[in-house]
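Residue numbers (the working numbering), protein chains in the order written: chain C, 1 to 253; chain A, 254 to 862.
Now the structure itself:
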């Protein structure tokens, strides 16, 4: 099949291209199983080497190639042509972060928010005397399983209208990262993290718009995780909030 | 004057090995910079699926000596046995330490770290498969990468993200640091360090079907190789048996660990023929060859009969469990729970649901056993006398310790990262306390700047993509799972011709400075071409079959002549020579046999599974 790409371009180095503009590219012999990432590579490699994007693993694990594809945040390596209605693909950079060039945005504000929530394990108590692992029951492990999957691709945060409106909001990804530790029974810094997230730029800027959950390429129930953090702040405890009987294995989208 | 940063230690690459080294160098008091062309969490460690091997014995009896034995045997007796011993022994402590850092391993009912079976891992010196792979669903590498990055943030490690290292600065045989290009601005920056550790991963992009990320272009190996550091054991590159057909995306061995079986186009389970004892859980090189042999004898599946199936449907798995008298049974839900990411890959990329239908697979270029030669302290070494190159370290896939020998066992890459990354970090912390800075030569960035400008302003007709696909096709065809002299000579010729075009006839579109990935991809192609040449040369030189290196014209392992590592050295100082540079290959570096000296079970013998 023949496919037309309409790509949002911007190149600060070239006069005339240093304001955002749209450019169309045509590709012949496209297979329904081709990934959008492969097709962007074909454009870059065969037609226009200046087309600039980030990518690495090409199978949805590294989180480099989040972009807006036909108006929805996706990883370019996880969208196949057969998933797209018709033969037109519109590609733009993710929203809410400054564009550096073409599809590449400045990720520093995003990682800055990530660092604000203490995204690391804290437990200064002595490790078990036998020198072995700390024990954790499978049920306790299940409480935060979903949020361990986050790959920091920013698809959720840059789909969030609250984040678009106010870039100081830590955003869904940072809350997901905090959730991963807050509900880990081995961790000892839940309180500090909940204090950070109870601040005006923490969880309360979430208006439950629900864009983040469908945006997640890892199938994380992002809105649910944010809701659980809100509950933990309100109740002043992390116990009895995550109901693991309702954690289901779901068909990824 | 180019911008210059000075740190005690420069860590190049931010995957598992780099982050572990950074963490330990930092904890040991060194002032550390991590320089990485990707954001650390994009590193390829994150794609490792099935597990990290350690003889914890949480589910059944295990012993680090058995792990060392499996590693040596899996490596077809080319592994340095001192390194295999360190790997197996320190794995236990390293895994426990990862748990203490918060790594969310799956748990046994008693709350211990859960373990599963994996290819080539056995109890009691090859007796039967053992549960040794510690896992966090099928995303163990992701959890390791995340955990180590989190700990680096906690310990305020300084990161230079999206800085691509393009040259190593050597002065009088010692390493003084690196030159890097900041991708965002195109600016060159000099990193001056007392110690520089390369942890830049492999170069799977030499081949057309690979599990490797686009970024795995061997930059770290290539930049030191061009500055006179030898490449060890380049002929050994692992083809993982189960890549998704055509795409190369990996399907973890953990699938077979849970009971999955390989089935040919006739619907027969075929590993029984090749590895009667442990069948589908034989070592990766053995399984990859078996798949090729099935395909070449007409037993492949599909229209072109060029792939086989990996079947983890409960119906098939339970049938074979029953036949083997194994009491285990699995349900669709077990598969969903234990292998969620694999199921998703297959559903997304193949439209195949692995709980209902078998997955079409083929071997995929996966892992470099070779690389920068190091000792067990992660110090780079120059020759068969183990002469240390002052200030230069390497760990992880880019290094060749060699704990993997001629073929790496599944899970041992993650073990290698944490064990030798940690050793590297600790040794660097000690070294920088007593060492001085090696002085920088005048204008250390000059040569690489000229080379980058040559690429940027090339007036030729050839686009990098043409050269890259020609190289990948040639290497797949003639330097893949099976090799012979004629094909290897042909491949060498093709790669040299491609490199000549690279240096004389290249053109790229992007002449700018901001985030110029066109320039970077072209420069990376140069790295791949250099490493492809070294690989083909080493494969031609080794006239035997051992581990991942299978010569059709020398089918037997030749212990009398080949219990040695190969070292390819490139001579001349041009970064991109227009004619083939002189290469020499040294085959005098003997394999360390220290375990066999005290225990005859470690002596080379015929390898059967």
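In this text, a Cβ means the ideal position worked out from N, Cα and C, and glycines have one as well.
Within the stretch 588-674 of chain A, complete alpha helix (DSSP H) segments of at least 4 residues are found at 593-602, given in chain order. Secondary structure remark: continuous beta strand (DSSP E) runs of at least 3 residues inside the stretch 391-469 of chain A, in chain order: 411-414, 416-424, 427-435 and 441-451.
Residue 839 of chain A: member of the beta strand (DSSP E) spanning 836-843, first to last residue.
Scanning chain C for C-beta atoms nearer than 7 Å to the C-beta of residue 768 of chain A yields 52, 100, 101 and 104, reported in chain order. Counting only unbroken stretches of 3 or more residues, no beta strand (DSSP E) element lies wholly within the stretch 141-228 of chain C. Less than 8 Å separates the beta-carbon of residue 418 of chain A from that of residue 472 of chain A. Counting along the chain, no alpha helix (DSSP H) covers residue 67 of chain C; the unbroken beta strand (DSSP E) around it starts and ends at 66-69. Residue 296 of chain A and residue 602 of chain A have their C-alpha atoms spaced approximately 22 Å apart. With 16 or more neighbouring CB atoms inside 10 Å of its own CB, residue 591 of chain A falls in the buried class. Distance from the CA of residue 280 of chain A to the CA of residue 178 of chain C, rounded to the nearest whole angstrom, comes to 24 Å. For residue 130 of chain C, the number of other beta carbons within 10 angstroms of its own is below 16, and it is reported as exposed. In this structure, residue 183 of chain C and residue 144 of chain C form a Cβ contact; the two beta carbons are roughly 4 Å apart against a cut-off of 8 Å. Taking 8 Å as the cut-off, the beta carbon of residue 101 of chain C is found no closer than this to the beta carbon of residue 148 of chain C.
Listed along the chain, the chain A residues whose CB falls inside 8 Å of the CB of residue 81 of chain C amount to none; the nearest CB is some 12 Å away. In this chain, the beta strand (DSSP E) harbouring residue 491 of chain A covers 490-497. The straight-line gap separating the alpha-carbon atoms of residue 651 of chain A and residue 784 of chain A is approximately 12 Å. In the DSSP assignment, residue 387 of chain A forms a beta bridge with A:305 and A:368.
Pairing residue 401 of chain A with residue 272 of chain A gives a Cβ-Cβ distance under 8 Å. Cα atoms of residue 153 of chain C and residue 217 of chain C: separation of roughly 9 Å, rounded to the nearest angstrom. The Cβ atoms of residue 504 of chain A and residue 387 of chain A lie no closer than 8 Å to each other. Residue 382 of chain A sits in a strand when the DSSP states are folded into three classes. Listed in chain order, the positions of the stretch 48-72 of chain C with a beta carbon within less than 9 Å of a beta carbon of chain A are 48, 49, 50, 51, 52, 53, 54, 55, 56, 57, 58, 59, 60, 61, 62, 63 and 64. Ranked by Cα distance from residue 202 of chain C, the first of C:98, C:62, C:63 and C:168 is C:168. When the five nearest sequence neighbours on each side are left out, the beta carbons in the same chain lying within less than 6 Å of the beta carbon of residue 517 of chain A are those of 523, 547, 552 and 561, in order along the chain. Remark: fewer than three beta-carbon pairs, one from each stretch, lie closer than 8 Å, so the stretch 228-235 of chain C and the stretch 255-264 of chain A are not flagged as touching. Counting only Cβ-Cβ distances below 8 Å, residue 119 of chain C has contacts in chain A at 403 and 406, in chain order. In this structure residue 612 of chain A is buried. Its beta-carbon is surrounded by 16 or more other beta-carbon atoms within 10 angstroms. For residue 396 of chain A, the closest of A:303, A:326 and A:330 by C-alpha to C-alpha distance is A:303. By a beta-carbon distance limit of 8 Å, residue 322 of chain A does not contact residue 678 of chain A. Their separation comes to about 28 Å. Non-local C-beta neighbours of residue 4 of chain C in its own chain, meaning closer than 7 Å and more than five positions away in sequence, comprise 24, 26, 87 and 88, ordered along the chain. With a minimum length of 4 residues, there is no unbroken run of alpha helix (DSSP H) contained wholly in the stretch 37-83 of chain C. Look at residue 650 of chain A: its C-beta is not under 8 Å from any C-beta on chain C. Taking all protein chains in view, the Cβ of residue 391 of chain A is crowded by 16 or more other Cβ atoms within 10 Å, so the residue is classified as buried.
One alpha carbon belongs to residue 76 of chain C, the other to residue 330 of chain A, and they sit about 43 Å apart. Out of A:444, A:585 and A:669, the CA that lies nearest to the CA of residue 346 of chain A is found in A:669. Just measuring C-alpha positions, the residue of A:789, A:595 and A:757 sitting nearest residue 733 of chain A is A:789.
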